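Data block below; observations after.
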Amino acid sequence: MTAPTGARIIDRGYRPYTGPRLGATGAARSLVRHSAQRVMGLRRTASHKVLPMLSLAIAYVPAIVFVGLAALIKNSSLRRNFLPTYGQYYGFVVSALIVFASFVAPEALCPDRRNGMLGLYLAAPLTRTSYVVSKVAAVLGLLVLATLGPPLLMLVAFVLQGQGPDGPLGVLALLGRAVTAGLLVAGVYTAVSLGISSLTDRRAIASAATLLTIVGTGAVTGVLVNGVGLPEWLIAFDLTSSPFELVRAIYGETGDLRSTPISALVAVNLGWILLGGLVIWWRYRRIEVTK
Amino acid sequence: MAAIVSAAGVAKRFGNVVALADVTVEIDAGITGLLGANGAGKTTFIGLALGLTHPDDGRLEVLGRDPVRSGAEVRSLLGYSPEHQSLPPDVRAFDLVSHLAEVHGLPRRAATARASDALYQVGLGEERFRPVGTMSTGQKQRVKLAAALAHDPTLILLDEPTDGLDPVQRDDMLTLIRRVGHEFGMSILISSHLLDEVEKVCDSAVILADGRVAVSGSLDELRIRVGGWTVEVERGTTELVDSLRRAGVSASSDGSRVTIEGIATPEVLRDAVAHLGLALVRLERRRLSLEEVFLEAGVYG
Numbered sequence: 061m062t063a064p065t066g067a068r069i070i071d072r073g074y075r076p077y078t079g080p081r082l083g084a085t086g087a088a089r090s091l092v093r094h095s096a097q098r099v100m101g102l103r104r105t106a107s108h109k110v111l112p113m114l115s116l117a118i119a120y121v122p123a124i125v126f127v128g129l130a131a132l133i134k135n136s137s138l139r140r141n142f143l144p145t146y147g148q149y150y151g152f153v154v155s156a157l158i159v160f161a162s163f164v165a166p167e168a169l170c171p172d173r174r175n176g177m178l179g180l181y182l183a184a185p186l187t188r189t190s191y192v193v194s195k196v197a198a199v200l201g202l203l204v205l206a207t208l209g210p211p212l213l214m215l216v217a218f219v220l221q222g223q224g225p226d227g228p229l230g231v232l233a234l235l236g237r238a239v240t241a242g243l244l245v246a247g248v249y250t251a252v253s254l255g256i257s258s259l260t261d262r263r264a265i266a267s268a269a270t271l272l273t274i275v276g277t278g279a280v281t282g283v284l285v286n287g288v289g290l291p292e293w294l295i296a297f298d299l300t301s302s303p304f305e306l307v308r309a310i311y312g313e314t315g316d317l318r319s320t321p322i323s324a325l326v327a328v329n330l331g332w333i334l335l336g337g338l339v340i341w342w343r344y345r346r347i348e349v350t351k
Numbered sequence: 010m011a012a013i014v015s016a017a018g019v020a021k022r023f024g025n026v027v028a029l030a031d032v033t034v035e036i037d038a039g040i041t042g043l044l045g046a047n048g049a050g051k052t053t054f055i056g057l058a059l060g061l062t063h064p065d066d067g068r069l070e071v072l073g074r075d076p077v078r079s080g081a082e083v084r085s086l087l088g089y090s091p092e093h094q095s096l097p098p099d100v101r102a103f104d105l106v107s108h109l110a111e112v113h114g115l116p117r118r119a120a121t122a123r124a125s126d127a128l129y130q131v132g133l134g135e136e137r138f139r140p141v142g143t144m145s146t147g148q149k150q151r152v153k154l155a156a157a158l159a160h161d162p163t164l165i166l167l168d169e170p171t172d173g174l175d176p177v178q179r180d181d182m183l184t185l186i187r188r189v190g191h192e193f194g195m196s197i198l199i200s201s202h203l204l205d206e207v208e209k210v211c212d213s214a215v216i217l218a219d220g221r222v223a224v225s226g227s228l229d230e231l232r233i234r235v236g237g238w239t240v241e242v243e244r245g246t247t248e249l250v251d252s253l254r255r256a257g258v259s260a261s262s263d264g265s266r267v268t269i270e271g272i273a274t275p276e277v278l279r280d281a282v283a284h285l286g287l288a289l290v291r292l293e294r295r296r297l298s299l300e301e302v303f304l305e306a307g308v309y310g
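Sequence order for the protein chains is A and B.
When we follow the numbering used here, the leftmost residue of the first sequence carries the number 61, and every step to the right adds one.
When we follow the numbering used here, the leftmost residue of the second sequence carries the number 10, and every step to the right adds one.
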């Protein structure tokens, strides 16, 4: 029998690792990417992809339609009346954000405590702070896709169609407003969703509580202002309208809550972000992981 | 050789509960068993070594570094397999191990390659592409071990690695751990309350009782720490025991063996055997089983 040429023995014995180690920064980067993938249902069954993709579809489809309509409608005054402003567009995004914050984002935090991954992460070069920051970055990044992506898409398309703001400075100014508005809304919804998710390891409970909080603030402030007759600025606590009123102010548009001072809107929305951040910080400072 | 874990007067309390009171121990490279009854402080000690909790008192060094001040640096050199079995059920074993290797600082491509290797080394071939939730307890334990060694750590901390395994799986896992320790060149600290498994796989042991180190050292040292001798003769054990007792030596017989407790020189024993004209088969230091060491250390009160 002739031995085949080129045959070789492959040594599958243990080989030490001598390559580079990326330390805490590499660990955090990996966690952000992995968390974003899990939240979006990537590398998971189709059922896990439905809600995240639905959220993004709700956020993007109207923008794509409006860009198409803008190209078709040649009359500029008709176009102005028919198409929403950048600030008004957030009215189309709100349902996407509620779905995402309530049903998708809790996936970033809850399962790690339930299935013991938190202990494995904190046994790596990550710290409690870098773990939380990575999770927040993953969810914030995905929410920014919904809050910043559509206005940017519209801006780029309108500029290409010759319907955008005048000159590079005008484009830059609008870009700055879009980024500020997108980050603000994403920040509020990230803080509320992850703040609540940090309090329970049951995703379903976190989803229900987040939904109740967001919708509940609207219902409660509505009753307090319209029913009881308390001052209208309390509407600033309504998570379904307050961040979007602030967005319209950022875009220099007149909103629906004319009697609510901008300072109240700013304070309350930053307050939501601060409160969510404090809850997460408090919760993860105390949590025991070596079980 | 420098100790891989060094603790001096380490104390840890949770409210009114004293988990560790005054732990002073030096753990050398090799496979070390961290033994103790439930609640003895084993998991707390592992948590401190990982830098997940801070000692209330004392000084702890892991691989020559303070795990609190240099936590990230220390943990990049540690592998950890927790006691619990719950892992993300819908994640493939390969994806999990690869991700954890990346989280320990390996670049993505290296993490992927080493995850595959590590799962192969622990005996998971094609199963590595199955979701963890569909795996048996034995396979999950192997996945956890693969995740602990994929980034090529210097020290692996295994918390009850045979928990939930049947006897055959348990023996396989112990063989695997011994191989990782002796062939892969990694030091291993195994937390366990099962004496026989520590005896099978470990080079040394630290026995914790009530939050303190009851005894520690190599298994050979621990087995002879109480002193005494074992004499084996072909016939005449009764005469030998009587002769030794007359000479003031505490002795007892068990078949062809005579056990001498406490202080006695080998010359005394040799002379007694020679005087009686007995055929000496063996004369060696008395060696305890780990269970006897446990009892001698007063672990069970």
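From the three backbone atoms N, C-alpha and C, an ideal C-beta is built for every residue, glycine too.
Keep in mind the model is a prediction, meaning the values are calculated, not measured.
Discussion item. So the candidates are Arg262/A, Ala324/A, Gly312/A; which of them puts its Cα closest to the Cα of Asn175/A?
Written reply: Arg262/A
Worksheet item: For Asp37/B, which three-state DSSP category applies?
Response: coil
Worksheet entry | Cβ pair Phe297/A, Thr314/A closer than 8 Å | no
Item to complete: Tell me whether Gly310/B sits in a helix, a strand or coil according to DSSP, three-state version.
Response: Residue confidence for Gly310/B is low, a pLDDT of 48 falling below 50, so the modelled location carries little weight; the figure read from the coordinates is stated next. Reduced to three states, the DSSP call for Gly310/B is coil.
Practice prompt. Could you check which residue in Trp342/A, His94/A, Ser323/A, Val216/A has the C-alpha nearest to that of Ala168/A?
Written response: His94/A
Worksheet item: In terms of residues, what are the limits of the beta strand (DSSP E) holding Asp66/B?
Response: 66–71
Worksheet entry | Sheet register partners of Thr268/B (DSSP bridge) | Partner(s): Thr239/B, Ser261/B.
Worksheet item: Given a limit of 8 Å on CB to CB distance, which residues of the segment 71–87 of chain B reach chain A?
Response: Gly80, Ala81, Glu82, Arg84, Ser85, Leu87
Worksheet item: Where does Val99/A sit, in a helix, a strand or coil, going by DSSP?
Response: helix
Worksheet entry | Separation of Arg187/B from Arg294/B, as counted between CA atoms | C-alpha of Arg294/B to C-alpha of Arg187/B: approximately 27 Å in a straight line.
Worksheet item: In whole angstroms, what separates the C-alpha of Asp172/A from that of Gln97/A?
Response: 14 Å
Worksheet item: Beta-carbon separation of Ala238/A and Val199/A under 8 Å?
Response: no
Worksheet item: For Thr300/A, which residues of its own chain have a beta-carbon under 8 Å away from its beta-carbon, when the five flanking residues on both sides are left out?
Response: Val154, Ile158, Ile274, Val275, Thr277, Gly278
Practice prompt. Anything in chain B within Cβ reach of Val344/A, meaning under 7 Å, just list it in chain order.
Written response: Residue identity check: residue 344/A is Tyr in the sequence provided, not Val. Those within 7 Å of Tyr344/A in chain B number zero; the least Cβ separation is about 12 Å.
Fill in: Rounded C-alpha distance that separates Ser79/B from Leu182/A
13 Å
Worksheet item: DSSP state of Ser201/B, grouped into three classes?
Response: Look at Ser201/B here: in three-state DSSP terms it is strand.
Worksheet item: With 8 Å set as the bound, which would you pick, yes or no: does the beta-carbon of Thr260/A sit closer than that to a beta-carbon of chain B?
Response: no
Practice prompt. Identify, in the order they occur along the chain, each residue of the same chain with its Cβ nearer than 6 Å to the Cβ of Leu164/B, setting aside the five sequence neighbours on each side.
Written response: Result list for Leu164/B: Ile13, Leu87, Ser196, in chain order.
Worksheet item: Residue range of the beta strand (DSSP E) that Asp168/B falls in?
Response: 164–168
Discussion item. Measuring straight from C-alpha to C-alpha, what distance separates Cys211/B and Lys51/B?
Written reply: 16 Å
Worksheet item: For Pro185/A, which residues in chain B fall below 7 Å Cβ to Cβ?
Response: Neighbours of Pro185/A on chain B, chain order: Ala81, Arg84, Ser85, His113, Gly114.
Worksheet item: So with Cβ pairs under 8 Å, would you call Arg308/A a contact of chain B?
Response: no
Practice prompt. Kindly list, in the order they appear in chain A, the residues whose Cβ is closer than 8 Å to that of Pro97/B.
Written response: Pro171, Asn175, Met177
Item to complete: Closer than 8 Å, Cβ to Cβ, to anything on chain B: give me those residues from the segment 79–97 of chain A, in chain order.
Response: Gly79, Pro80, Arg81, Leu82, Gly83, Ala84, Gly86, Ala87, Ser90, Leu91, His94: these are the residues of the segment 79–97 of chain A whose beta carbon lies less than 8 Å from some beta carbon of chain B, given in chain order.
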